[in-house]
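Data block below; observations after.
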Amino acid sequence: MKRAFITGITGQDGSYLAELLLSKGYTVYGLYRRKSSLDFGNVAHIAHRITMIEGDLLDYPSLVAAIKESRPDEVYNLAAQSFVGASFRQPVATAEIDALGVVHLLEAIRSVKPDARFYQASTSELFGGVYDTPCNEETPFYPRSPYGVAKLYAHWITKNYRENYGVFACAGILFNHESERRGKEFVTRKITSTVAAIKHGEAECLELGNLSSKRDWGHAADYVRAMWLMLQQERPAEFVIATGETRTVREFAELAFRKAGYDIRFEGEGENEVGIDSKSGKILLRVNPAFFRPAEVNVLLGDSSKAKNELGWEREVMFSELVSRMVSSDIKKLG
Ligand code: NAP
Ligand code: G4F
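By numbering that gives the first Met the number 0, the letter at position 29 of the sequence shown is numbered 28, and the numbering carries on one by one without gaps.
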């Protein structure tokens, strides 16, 4: 029976990955941070099937102890300060967790269990700057946020541990993936949870920042499958994981409202743009400049041909279904 150690297990991806590995018969260990109230987040429903180990990416001794206890065949490093917006306000904490935290973990692996296979959660934010064509493994990086820069260090140190020390270290360059378990500060879940609140009469209007920003959005359950596949290959490598389609925030919001029974038409431009309910004439969506970022990644679009050819990976959840699932789940939760 294989043993896996997952950092970031309480987050969105950690929970889907834990479910996947449990279904494959793995013994699963997960790292959780000490908080003022004990909370296993998205894995509360399966916590009894996982050995939860207290620790922190910032604390090297706790990582050494966790690797000693779990003796993992596979380590998935999903832990991070993962919100780009917060990285502009907390650049130092983001660098410490997302960059230095990774080398702490790699060192712990190297000294305790050097044959463990390692997955690093790299990101399409590495590409950052505007590319008109889909980005693949050969596209140059140009991070545009403290988060992107910290993840760039993590990406290269992962590759270095492979080249310098022979660690089986892979990095998945994953484009945005969302789900019913997505944190509510990310734009998709902010949209679906607010649309649900409007539907239930608990909110009047959705306030967003840059509506023209474009993202390549898939479902997290499909993306964790790609992480696992990477660690089952003969040789470690980097892979881009994406849908190959890109949509604006405006399109996501329009569809989310439609799934909840509202037909929205957009009027105005820039900061004055609003989304009006065709039936009632009420403004249901406004632009609020407070949600703009100091530097924006305007377009993200990925080309995952390598993953399709070498891993046999394909997404199963299409864009419309992703939005449907998130809206239904949020409406149900409030109901
Ligand atoms: P998420 O929901 O924000 O989860 C982040 C996890 O990291 C949480 O479990 C959090 O624990 C943990 N964590 C944060 N700081 C930590 C620390 N110092 N020590 C230990 N654990 C810590 O993120 P996600 O969406 O699942 O993303 C998973 C990974 O993929 C992240 O590294 C993210 O940067 C990367 N990524 C995500 C996407 C995406 O679209 N979702 C795309 C590309 C890459 P708490 O519960 O205690 O906060
Ligand atoms: O949902 P977001 O906050 O995700 P972002 O910045 O693309 O980052 C996510 O995906 C990355 C992969 O590309 C991950 F590495 C990262 O960990 C995270 O999971 O914002 C998406 C877009 C941005 O352009 C943002 O400016 O939506 C725009 N946006 C417009 N209004 C908004 C809002 N974003 C948020 N969070 N809130 C708004 O009100």
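For each residue, glycine too, the CB sits at the ideal point set by N, CA and C.
Go through the region 78-102 residue by residue and report every complete run of the alpha helix (DSSP H) that reaches 4 residues or more, in order.
83-88, 90-94
Residues that DSSP places opposite Asn209 in a beta bridge
Note: Asn209 sits in no beta bridge, so no partner.
Starting from Ser123, follow the alpha helix (DSSP H) in both directions and report where the run begins and ends.
Neither: Ser123 is in no alpha helix (DSSP H) and is coded neither H nor E.
Consider the C-beta atom of Phe256 and the heavy atoms of the ligand G4F; say whether any pair is separated by less than 7 Å.
no
Looking at Lys258 and Ser328, is the spacing between their C-beta atoms short of 8 Å?
no
Please report the residue range of the alpha helix (DSSP H) in which Glu203 lies.
No alpha helix (DSSP H) holds Glu203; DSSP gives it neither H nor E.
Cut-off 6 Å between Cβ atoms - residues of its own chain near Glu270, not counting five sequence neighbours on either side:
Val286, Pro288
Would the C-beta of His176 count as close to the ligand NAP, meaning under 7 Å from any of its heavy atoms?
yes
I believe Phe265 touches Leu283 by the beta-carbon criterion, under 8 Å. Please report the beta-carbon distance rounded to the nearest angstrom.
Wrong, their Cβ atoms sit about 11 Å apart, outside the cutoff.
Any contact between the region 213-228 and the region 16-31? By contact I mean 3 or more CB pairs, one from each, below 8 Å.
yes
Between which two residues does the alpha helix (DSSP H) holding Ala170 run?
Ala170 -> not in any alpha helix (DSSP H); beta strand (DSSP E) instead, spanning 168-173.
Would you say Leu104 and Thr6 are within 8 Å of each other, going by their C-beta atoms?
yes
Kindly indicate the opening and closing residues of the beta strand (DSSP E) around Met51.
50-53
Check the Cβ-Cβ distances between Ala115 and every residue of chain D, and say whether any is below 8 Å.
Given the protein chain composition of this structure (a single chain), no chain D is represented.
Considering Cα atoms alone, identify which of Tyr160, Ile172, Val102 is closest to Ser304.
Ile172
What I want to know is whether the C-beta of Val248 ends up closer than 7 Å to one or more non-hydrogen atoms of the ligand G4F.
yes
Looking only at its own chain, which residues have a Cβ that is under 6 Å from the Cβ of Pro235, when we skip the five neighbours before and after it?
Arg161, Phe167, Ala168, Cys169
Buried/exposed call for Tyr164, threshold 16 Cβ in 10 Å
exposed
Give the DSSP bridge partners of Asn308, in chain order.
Answer by DSSP bridge pairing: none, since Asn308 is not bridged.
Examine the ligand NAP and report whether any of its heavy atoms sits within less than 7 Å of the Cβ of Thr122.
yes
Touch test, the region 141-159 against the region 124-131, Cβ-Cβ under 8 Å, three pairs minimum:
yes
Classification of Ala65 by the beta-carbon crowding that lies within 10 angstroms, buried from 16 upward:
buried
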